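Remarks on the structure that follows.
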Amino acid sequence: MIVGNHVIHQITPSHLLPRPVIVWLPPSYEAERDRRYPVLYMHDGQQIFDPDTSTLGKDWEVDEWCDRLISAGELKEIIVVGIYNTENRYDEYGASAQAEEYTRFVTDELKPMIDGTYRTLPDRSHTAVAGSSMGGGLSFYMAWTRPDVFFGAACLSSAFSYKQGEVIFDLVNQSSVWPDLCLYLHCGDGDELERLLMNDLERMEKALEEKGWLDQADVCVERAPGEKHDEAAWARYTGTWLKFLFGSRPSQ
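Read in order, the letters of the sequence shown correspond to residues 3 to 254 in this note's numbering.
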């Protein structure tokens, strides 16, 4: 069961990458008709709200965390857009030509549809992206390459090089200017895959540090000892990164 109001859209074959998209609406959406809201885009949409659609019967609990934190006054009211993955996930989320196409789908087709259908705050200062594993690497890639669209990204257990090559590291190493982003970077060490991805996290932390961006930029690097590579583990940190991106501090 999903907490709160939500709508599922079937993106039609006329779009670049047809798939379902689930939109979670904040508590005041129906009552406050003149109000507009920030938007969070998330990958692996099956996994974020509903244990019945999630692969292993566990989800990120984004709906519960949003409802709880909004009620407590710790989180801005936001719209969350969950983009379902497809059988082409590895290609679409990887650092490839299909990842560029997926980015264009989100920024040039899906976002205009969401902004035209819902009362959003469409500017980059109110738009972020989040994901885990390959979706974490993709979130970093999308925010880094399109800072005109996204102010930040939450990247959990990110595959920065695993099945990605060096493309994402090259983006950082070859950049001379910080792209003005809020980045939440997270990884555990509770299983073999998380330990492998922890190497990627530490490489990324070092790359950002060598540029001097860890000191002056809005970056949070969080290690999660003992946590495994699954939705149950990521759900325990959903509240943390939601508040990092959309907490009570002033808008970015």
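Glycine included, each C-beta is placed from N, C-alpha and C at the ideal position. In this text the structure is predicted, and so the values were computed from the model without any measurement.
Which residues DSSP lists as bridging residue i, in chain order
i, result
"TRP62", "Looking at the DSSP assignment, TRP62 forms no beta bridge with any residue, so it has no partner."
"MET44", "GLY84, ALA132"
"TRP26", "HIS8, VAL82"
"GLY249", "LEU77"
Nonlocal neighbours in the same chain, by C-beta distance under 6 Å from residue i, ignoring five residues either side
i, result
"TRP180", "TRP215, ALA219"
"VAL223", "LEU187, GLU207"
"ALA237", "TRP62, GLU63"
Neighbourhood of residue i by C-beta distance below 7 Å, restricted to the same chain and skipping five residues each side
i, result
"LEU77", "CYS68, LEU71, LEU244, LYS245, PHE248, GLY249"
"LEU210", "VAL174, LEU216, VAL221"
"GLY138", "CYS157, LEU158, SER159, SER160, ALA161"
"ASP65", "ILE4, VAL5, GLY6, TRP26, PHE51"
"PRO124", "ASP117"
Burial state of residue i (16 or more Cβ within 10 Å)
i, result
"HIS17", "exposed"
"GLN12", "exposed"
"GLY241", "buried"
"GLY167", "exposed"
"PRO28", "buried"
"ASN90", "exposed"
Own chain, CB closer than 8 Å to residue i, minus 5 neighbours either side, in chain order
i, result
"TYR191", "The question names Tyr, but residue 191 in the sequence shown is Asp. Counting only Cβ-Cβ distances below 8 Å, and skipping sequence neighbours, we find ARG197, MET200, ARG225, ALA226, PRO227, GLY228, GLU229."
"TYR143", "ALA97, ALA101, THR105, VAL169, ILE170, LEU173"
Cβ separation of residue i and residue j, assumed to be a contact under 8 Å, to the nearest whole Å
i, j, result
"MET206", "LEU187", "6 Å"
"MET44", "GLY75", "Actually they do not touch by this definition, with Cβ atoms about 23 Å apart."
Does the pairing of the stretch 127-145 with the stretch 23-42 give three or more beta-carbon distances under 8 Å? Verdict: yes, contact present.
Assess contact between the stretch 223-237 and the stretch 193-209, defined as three or more Cβ pairs (one per stretch) separated by less than 8 Å. Is contact present? At 8 Å Cβ cutoff, the stretches touch.
Is it true that the stretch 157-164 meets the stretch 105-112, where meeting means three or more beta-carbon pairs spaced less than 8 Å apart? Two segments are said to touch when three or more pairs of C-beta atoms, one from each, lie closer than 8 Å; by this definition the stretch 157-164 does not touch the stretch 105-112.
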